[in-house]
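Visitor: This structure is in structure tokens; I'll ask about it shortly.
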Amino acid sequence: MGDWIELTSGDGHRLAGWLARPTGKPRGGIVVLQEIFGVNAHIRRVTDGYAAAGYLTLAPAILDRAERGVELGYDAAGVAQGRELVGKVGFDNAARDAWAATNALHRMLDAGAGIGAVGYCWGGTLALLACTRLKLPAVSYYGGRSVPFAHERPGAPLMLHFGERDPIIPPAHVELLREAFPQAEAHVYPAGHGFNCDERADFDPAASALALERTLAFFDRTLA
Numbered sequence: 003m004g005d006w007i008e009l010t011s012g013d014g015h016r017l018a019g020w021l022a023r024p025t026g027k028p029r030g031g032i033v034v035l036q037e038i039f040g041v042n043a044h045i046r047r048v049t050d051g052y053a054a055a056g057y058l059t060l061a062p063a064i065l066d067r068a069e070r071g072v073e074l075g076y077d078a079a080g081v082a083q084g085r086e087l088v089g090k091v092g093f094d095n096a097a098r099d100a101w102a103a104t105n106a107l108h109r110m111l112d113a114g115a116g117i118g119a120v121g122y123c124w125g126g127t128l129a130l131l132a133c134t135r136l137k138l139p140a141v142s143y144y145g146g147r148s149v150p151f152a153h154e155r156p157g158a159p160l161m162l163h164f165g166e167r168d169p170i171i172p173p174a175h176v177e178l179l180r181e182a183f184p185q186a187e188a189h190v191y192p193a194g195h196g197f198n199c200d201e202r203a204d205f206d207p208a209a210s211a212l213a214l215e216r217t218l219a220f221f222d223r224t225l226a
């Protein structure tokens, strides 16, 4: 369903993006923000899935700033390399590239069409920043690096998904984020980290399906 396009960020950096088009007129646009593993097969499937739900959907390859064409697996080597790469990119540069994807969707959509963001793991924290800094309605899935940004204020509706058995995001961090963003719709599932990803050991089909149902309802409300 999708295909690669080229994006240009505000600082002139060029990066790839996986663009998936819906059948018929888009209901709006969604920026999909990747895990530390790149815009790999899983993230492309996620992007295609939102397009199948009616949205023009774009996943910017944010790791292109450190290494082009990165697609990592979910093993120990992939985790180590992914952490190194996102450390090189940093959240400020990642936010620039998320904004480049947002602008690209604006150019492709009718005037006034709504655009939101959804992110997973590292991208879950970036989705939070898309809400606070880019003013996009956003859904954050298990954003494990979000606590340092708890002082920022949402500029649009926000939804948060967590797994109660997530070793990366302990219950104290979930509660801190709930308190920091009382206006956000927060959900906790009986699952671990990465429960939405069918390539991870912690994949939980029931939690994944319920979170997606809530996410699509959120975008239906906020991007109308």
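To convert, take the position in the sequence shown, counting from 1, and add 2; that gives my numbering.
Every residue gets a Cβ at the ideal spot worked out from N, C-alpha and C, and that includes glycine.
(1) Just the C-alpha distance for Gly31 and Asn42, rounded to the nearest angstrom, thanks.
(2) Taking the alpha carbon of Met3 as the point to measure from, which residue in Arg46, Arg70, Gly146 and Ala174 has its own alpha carbon closest?
(3) Out of Leu136, Leu128 and Thr217, state which residue places its alpha-carbon closest to the alpha-carbon of Ser148.
(4) CA-CA distance, Pro159 and Ala82?
(5) By the three-class DSSP mapping on this structure, what secondary structure does Gly92 have?
(6) Using a 10 Å radius around the Cβ and a threshold of 16 neighbouring Cβ atoms, would you call Trp124 buried or exposed?
(7) Counting beta carbon pairs with one atom in the segment 52-60 and one in the segment 130-137, are three or more of them shorter than 8 angstroms?
(8) Buried or exposed for Ala152, please, with buried defined as at least 16 other CB atoms from any protein chain shown within 10 angstroms of its CB.
(9) Starting from Pro62, trace the beta strand (DSSP E) both ways and give me its first and last residue.
(10) Can you name, in chain order, every residue of its own chain whose Cβ lies under 6 angstroms from the Cβ of Gly145, other than the five neighbours on each side?
(11) Using CA coordinates, which residue listed in Met161, Ala203, Pro173 and Phe183 is at the minimum distance from His189?
(12) Give the DSSP-derived three-state secondary structure of Arg46 in the structure shown.
(13) May I ask which residues mark the beginning and end of the alpha helix (DSSP H) holding Gly126?
(14) Among Pro156, Ala54 and Gly194, which residue has its Cα nearest to the Cα of Lys27?
Guide: With the given structure in hand:
(1) Reading the sequence shown from its first residue, position 29 is the one you call residue 31. Reading the sequence shown from its first residue, position 40 is the one you call residue 42. Whole-angstrom Cα-Cα distance: 20 angstroms.
(2) Sequence index remark: in the sequence shown, residue 3 carries index 1 (1-based). Considering only Arg46, Arg70, Gly146 and Ala174, the residue with the shortest C-alpha distance to Met3 is Arg46.
(3) Here the question's residue 148 lines up with position 146 in the sequence shown. Just measuring C-alpha positions, the residue of Leu136, Leu128 and Thr217 sitting nearest Ser148 is Leu128.
(4) For the purposes of this step, residue 159 is identified with residue 157 of the sequence shown, where counting begins at 1. For the purposes of this step, residue 82 is identified with residue 80 of the sequence shown, where counting begins at 1. Going by the C-alpha atoms only, they are around 33 angstroms apart.
(5) Locating residue 92 in the sequence shown gives position 90, where the first residue counts as 1. The answer is helix: DSSP assigns Gly92 an H, G or I state.
(6) By 1-based counting over the sequence shown, the position of residue 124 is 122. Counting Cβ neighbours within 10 Å, Trp124 comes out buried, since at least 16 surround it.
(7) Output reads no: the segment 52-60 does not touch the segment 130-137.
(8) On the sequence shown, position 150 is the one that residue 152 refers to. Exposed, since its Cβ has fewer than 16 Cβ neighbours within 10 Å.
(9) Locating residue 62 in the sequence shown gives position 60, counting from the first residue. Pro62 -> beta strand (DSSP E) spans Leu58 to Pro62.
(10) Indexing the sequence shown from 1 puts residue 145 at position 143. Exclusion of the five residues before and after Gly145 leaves Gly126, Thr127 and Leu130 as the residues of its chain whose Cβ lies within less than 6 angstroms of its Cβ.
(11) In the sequence shown, residue 189 corresponds to position 187, counting from 1. Here the closest residue by C-alpha is Met161.
(12) Here the question's residue 46 lines up with position 44 in the sequence shown. DSSP places Arg46 in helix when its eight states are reduced to three.
(13) Translated into the one-based positions of the sequence shown, residue 126 becomes position 124. Here the alpha helix (DSSP H) through Gly126 covers Trp124 to Thr134.
(14) On the sequence shown, position 25 is the one that residue 27 refers to. Nearest of Pro156, Ala54 and Gly194 to Lys27, Cα basis: Ala54.
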